[in-house]
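Below: one structure, written as structure tokens.
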Amino acid sequence: MLTRDLLLALREGLPVPAEAVRAFGANLGAGDISDAQAGAFAMAICLQGLSEQGRVALTLGMRDSGKVLGWDLPGKMIDKHSTGGVGDSVSLILAPMLAAVGAYVPMISGRGLGHTGGTLDKLEAIPGLKTQFTEVEFRAIVANVGCAIVAPSLDIAPADQRLYAVRDVTGTVRSRDLITASILAKKLAAGLEGLVLDVKTGSGAVMSDLGQARDLAQALVATANGAGCPTSAVLTDMSQPLIPSIGNALEIADVMRAFETGQGAMVEVALELGTQLLLQAQMVLTETGARDRLRATLQDGSAKARFGAMVRAQGGPANFVDRWQDYLEIAPAYELRAANAGYLSEIDGAALGQAVVTLGGGRQREDDRIDHSVGLSDITPLGTYLRKGAPIARLHCRSSKQADIALRAIQAALTLSSEPPVLPALIIERIMPEKVSKHG
3 MLTRDLLLAL REGLPVPAEA VRAFGANLGA GDISDAQAGA FAMAICLQGL
53 SEQGRVALTL GMRDSGKVLG WDLPGKMIDK HSTGGVGDSV SLILAPMLAA
103 VGAYVPMISG RGLGHTGGTL DKLEAIPGLK TQFTEVEFRA IVANVGCAIV
153 APSLDIAPAD QRLYAVRDVT GTVRSRDLIT ASILAKKLAA GLEGLVLDVK
203 TGSGAVMSDL GQARDLAQAL VATANGAGCP TSAVLTDMSQ PLIPSIGNAL
253 EIADVMRAFE TGQGAMVEVA LELGTQLLLQ AQMVLTETGA RDRLRATLQD
303 GSAKARFGAM VRAQGGPANF VDRWQDYLEI APAYELRAAN AGYLSEIDGA
353 ALGQAVVTLG GGRQREDDRI DHSVGLSDIT PLGTYLRKGA PIARLHCRSS
403 KQADIALRAI QAALTLSSEP PVLPALIIER IMPEKVSKHG
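Residue numbering for the sequence shown follows the working numbering, starting at 3 and increasing by one per position.
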């Protein structure tokens, strides 16, 4: 089918052959498609949408536009992906937990997007740690450690890199079908045998509306399974950070505390996602068995040891997990206190995340250099009753002038009420292939 005819049919919402959509996706990475055609394609899909068959075809085409990894290791190749939120460092604790029970996790991750932090940016708060590797180096780390968290190479789904750049300048980023293909093309190119998607909703999430988040989760699950990768999704709440911090080095510090205590919302989300992965990969037969095996990796220290081995293999300090306080640079702290008494009833996560970006903890331009030391710590949980003047959080930044500006923005992002709030469930819903299953 000629490209012009495909674009015309998509624009009019007419049925199109899956083979034509797949070929277009593959050709995007080879430069055979002009920017004008790529923009027209993105706009047509944004306006008219794709069928489930079309989403699968586009995903496979974009996956096949570059290198697709194959593995020959004595275990299952599994991974997770999050749609993004503030204070979300689940990948950093889940990947080592999975490796500690015998799985292999070749995690190709990303950097900060808007108000949300990026897993790679957080890892790079560790001195010396690298995230860019050759394929040979990446394979060696996964084989020797069991997990690696790295940046995508240029030959992994190049069609996605091309199409995303076009979407960014044509107002077509927020399309369920294009988001689905973009996420899955990269994940499937890693040669996975199982995937779980953490689709977040709430004030700190990229996809804040529950209905939209559910729609995206269902599209992701149907498309990934249609493309041959066993996949499920979990809708999780992001009305407050999963750990009491936002900012790269500060989040690494809270991850290390979670390895040591085995407690907290981040751990609960990691256990839920890991349980789904182990069941999908048929590494464990029961939900209770899967959860117990994963929790044991925190109790016996094996997950923490795997994290240390990964840090060492990726260029970080050999003794990081034992001396992490000595290695993480954290900016001076300024106390944020309650302006009046009341229950902390609402946290505008997007506003908090943007405040950290403004301090230098994220990028406002693609070439910005990140200050890993800044952010928020000791964030009070929702539902806490605070007296006037009680501490709510600590702001970490380089100067008192920065602090004055940021504290006002952060104060405005927190709502105190006379009545305690009704707190949403952390695990909202499971999205399984061919069916929707409520948690519990």
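The C-beta atom is built at its ideal place from N, Cα and C for all residues, glycine as well.
A quick note: this is a predicted structure, and the numbers were derived from the prediction, not measured.
Residue i burial status per 10 Å Cβ neighbour count (16 or more: buried)
i: L194; result: buried
i: T136; result: exposed
i: G148; result: buried
i: E253; result: buried
i: P393; result: exposed
i: A221; result: buried
i: S402; result: exposed
i: R65; result: buried
i: R325; result: exposed
i: Q282; result: buried
i: T76; result: It should be noted that the sequence gives Pro, not Thr, for residue 76. Classification of P76: exposed, given that the 10 Å Cβ count is below 16.
i: V171; result: exposed
i: M3; result: exposed
Length of the line joining the Cα atoms of residue i and residue j
i: L186; j: E21; result: 18 Å
i: V376; j: V201; result: 27 Å
i: A333; j: R259; result: 19 Å
i: M285; j: M79; result: 11 Å
i: V438; j: D211; result: Confidence in V438 is poor, its pLDDT being 39 and thus under 50, which makes the residue's placement unreliable; the coordinate value appears in the next sentence. Cα to Cα, the separation comes out at about 18 Å.
i: L425; j: R24; result: 44 Å
i: Q356; j: M109; result: 26 Å
i: V269; j: L338; result: 27 Å
i: P19; j: G56; result: 8 Å
i: F1; j: F322; result: As displayed, the chain neither begins before 3 nor continues past 442, which places residue 1 out of reach and without an answer.
i: P154; j: V168; result: 19 Å
i: D179; j: A161; result: 15 Å
i: G249; j: D90; result: 10 Å
i: A340; j: V208; result: 27 Å
i: H83; j: A408; result: 31 Å
i: A229; j: V58; result: 6 Å
i: L2; j: E289; result: Any property of residue 2 remains undetermined from this structure, which presents the chain solely from 3 to 442.
i: R141; j: A267; result: 32 Å
i: R432; j: D406; result: 42 Å
i: S36; j: E331; result: 45 Å
i: A224; j: I47; result: 18 Å
i: T174; j: S67; result: 21 Å
Start and end residues, beta strand (DSSP E) containing residue i
i: L428; result: That residue, L428, is in no beta strand (DSSP E); it is neither H nor E in DSSP.
i: P393; result: 393-398
i: D217; result: Taken as a continuous stretch (DSSP letters only), D217 belongs to no beta strand (DSSP E), being part of the alpha helix (DSSP H) at 212-228.
i: L180; result: It is not in any beta strand (DSSP E) - L180 instead sits in the alpha helix (DSSP H) that spans 178-191.
i: I151; result: 149-152
Collapsed DSSP secondary structure at residue i in the structure displayed
i: D74; result: coil
i: K69; result: coil
i: E253; result: helix
i: V103; result: coil
i: S234; result: strand
i: V88; result: coil
i: E436; result: coil
i: G351; result: helix
i: E14; result: helix
i: K390; result: coil
i: L8; result: helix
i: D302; result: coil
i: G442; result: With a pLDDT of only 36 at G442, under the threshold of 50, the placement of this residue in the model should not be trusted, and no figure is reported.
i: T382; result: coil
i: A335; result: strand
Start-to-end residues for the alpha helix (DSSP H) that takes in residue i
i: M109; result: M109 -> not in any alpha helix (DSSP H); beta strand (DSSP E) instead, spanning 107-110.
i: G276; result: 267-282
i: S379; result: Looking at the DSSP string, S379 is not in any alpha helix (DSSP H); the run it does join, the beta strand (DSSP E), is 377-379.
i: S402; result: 402-414
i: E21; result: 20-30
i: T133; result: Premise fails: T133 is in no alpha helix (DSSP H) and is neither H nor E.
i: R169; result: 160-172
i: L447; result: There is simply no residue 447 to check, as the chain begins at 3 and stops at 442 in what is shown.
i: V323; result: 322-329
i: L49; result: 37-50
Residue i and residue j closer than 8 Å at C-beta
i: Y336; j: L378; result: no
i: H374; j: E126; result: yes
i: L418; j: L388; result: yes
i: S241; j: V198; result: no
i: I349; j: S205; result: yes
i: A42; j: L16; result: no
i: I430; j: L237; result: yes
i: L30; j: R164; result: yes
i: G484; j: Q301; result: Absent from the structure is residue 484, since the part of the chain shown begins at 3 and ends at 442.
i: L346; j: T382; result: yes
Short CB-CB distance (under 8 Å) between residue i and chain C
i: V286; result: Judged by its chain identifiers, the structure shown contains no chain C, having just a single protein chain.
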